Amino acid sequence: MLGTVVNTLAIAGGSLIGLMFRGRISVAYHQTVLHAIGLAVMLIGITSALKSGDILLIIFSLADIPKTFTTPEIRVDCPDHLKFSIVKKLVNYFKERYSVIDIDGVRVLFDGGWGLVRASNTQPALVLRFEACSETRLDEIREIVESRLREISEPV
992 MLGTVVNTLA IAGGSLIGLM FRGRISVAYH QTVLHAIGLA VMLIGITSAL
1042 KSGDILLIIF SLADIPKTFT TPEIRVDCPD HLKFSIVKKL VNYFKERYSV
1092 IDIDGVRVLF DGGWGLVRAS NTQPALVLRF EACSETRLDE IREIVESRLR
1142 EISEPV
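Here the working numbering runs 991 ahead of the position in the sequence shown, where the first position is 1.
The following block contains the structure:
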């Protein structure tokens, strides 16, 4: 998410687990007080832009936000003693075929979207998420990742 905020010159971004990123600042805030301070700073900046007549810039920036399609968090039961080795096998498999981010799981980057599999830190489960530029592409990416997961975890 931070990379997206930086690459798109966005003023802010957030994640489903509560992380907040502010543009031009390379720190992930995970505390409520810092969220409030960051939000106040952003609102001051927006207010300043409104006063200076840059309202069209804000409107056009919002219009450029691409429509994406996502899945909810998908939890797949997996014994604790197997979940990290299954994720490692997925990392190895997908690294040979696609661009991959392997921090805390495997995020496979596809044209038009991504798929994520990570081991839950609180439950005997794998956590999956998917995002794509269309519902059709979302279904395709999900099938690629889930079919490989099924192949790897058949003995489970």
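No residue lacks a Cβ here, since even glycine has one placed at the ideal position from N, Cα and C.
Remember, predicted model here, so these are calculated numbers, not experimental data.
Rounded to whole angstroms, what is the Cα-Cα separation between residue i and residue j?
i     : j     : result
D1130 : Q1114 : 26 Å
S1144 : L1100 : 22 Å
F1085 : K1079 : 10 Å
G1090 : F1121 : Before going on, a small fix: residue 1090 reads as Ser here, not Gly. Spanning the two alpha carbons is a distance of roughly 15 Å.
P1057 : I1094 : 25 Å
D1068 : S1138 : 16 Å
P1071 : I1077 : Position check: residue 1071 holds Asp in this sequence, whereas Pro was assumed. If I take the Cα positions, the gap works out to 10 Å.
E1142 : V1118 : 17 Å
R1128 : R1088 : 18 Å
F1060 : N1083 : 27 Å
G1096 : L1140 : 13 Å
I1092 : R1098 : 5 Å
When the Cα of residue i is compared with those of the options, which residue comes out closest?
i     : options                       : result
L1081 : T1059, D1068 and L1107        : L1107
L1073 : R1128, N1112 and I1132        : N1112
P1063 : A1123, E1087, G1096 and N1083 : A1123
D1102 : N1083, S1125 and L1140        : S1125
Since I believe residue j is in contact with residue i (beta carbons under 8 Å), could you give me their beta-carbon distance rounded to a whole number of angstroms?
i     : j     : result
G1104 : I1132 : 5 Å
A1110 : R1066 : That pair is no contact at about 11 Å.
Have a look at the DSSP bridge pairing and note the partners of residue i.
i     : result
D1068 : A1116
Inset, instruction - Please go through the stretch 1070-1138 and give each complete alpha helix (DSSP H) segment of 4 or more residues, from N-terminal end onward. - result: 1071-1086
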